[in-house]
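In mature numbering (1 follows the signal peptide of the UniProt record, and there is no 0), the protein residues as written are -30 to -1, 1 to 176.
Glycine included, C-beta positions come from ideal geometry on N, C-alpha and C.
Remember, it's a predicted structure, so these values are computed and weren't measured experimentally.
Take a look at the structure set out below.
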């Protein structure tokens, strides 16, 4: 009788373990490779043999990226490849900083994103000499900032964060009015206008 109970217990334990493993497998690979369309499979070809081992959330992220890739024009694909190549060449610190900037950009209001994209487009249309000059100026500013005492750097970072939050929380009408004022301005002029706008708002609230 005792042996029979032990046998039943072992059988139950084995069955439950098998069910657990089955559920785990389902949760890890919820999207079958064969369920992807040809464009998705082509874009994700490097993952074909490891696909069952990729968690579902990552599978879905990769599928979304593959769909976006399929919709891109050849020109946009080339630019995306160049960005990925640059990212691959970055150090861990540079990559972390890049991700921070991307996260901050994603959190910006749509009109602000549009303005920054337009500015980026203007930069891309500059001559190599003009680009080099701007990059040199930015590098000099970064080096000057890095040379500051930690207390001053912390203060500047706090001010920048406060300004980002302020502009992020503007209502639609305020953002539109500010965007209209900034049209046609140079980068430095737009920066000065934003600073004046922020300072005036702080004075009103004080």
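- In the DSSP assignment, residue 167 falls within the unbroken alpha helix (DSSP H) covering 157 to 175.
- In terms of Cβ geometry, residue 152 and residue 163 form a close pair [threshold 7 Å].
- Here DSSP, grouped into helix, strand and coil, assigns residue 20 to coil.
- If you draw a straight line from the Cα of residue 131 to the Cα of residue 44, it is about 37 Å long.
- For residue 141, the secondary structure class from DSSP, reduced to helix, strand or coil, is coil.
- The C-alpha of residue 80 is placed about 10 Å away from the C-alpha of residue 86.
- By the neighbour-count definition (other C-beta atoms within 10 Å, threshold 16), residue 19 is an exposed residue.
- Contact between the segment 36 to 50 and the segment 5 to 15 is present: three or more C-beta pairs spanning the two stretches fall below 8 Å.
- Taking 3 residues as the shortest admissible run, the segment 42 to 104 contains no complete beta strand (DSSP E) segment at all.
- Taking the Cα positions, residue 127 is about 25 Å away from residue 144.
- When 160, 125, 170 and 94 are compared, the shortest CA-CA separation from residue 136 is found for 170.
- Secondary structure of residue 114 (DSSP, three-state): helix.
- By a beta-carbon distance limit of 8 Å, residue 1 does not contact residue 28. Their separation comes to about 10 Å.
- Residue range 8 to 13 is occupied by the alpha helix (DSSP H) that includes residue 13.
- Rounded to whole angstroms, residue 150 and residue 160 show a C-alpha spacing of 11 Å.
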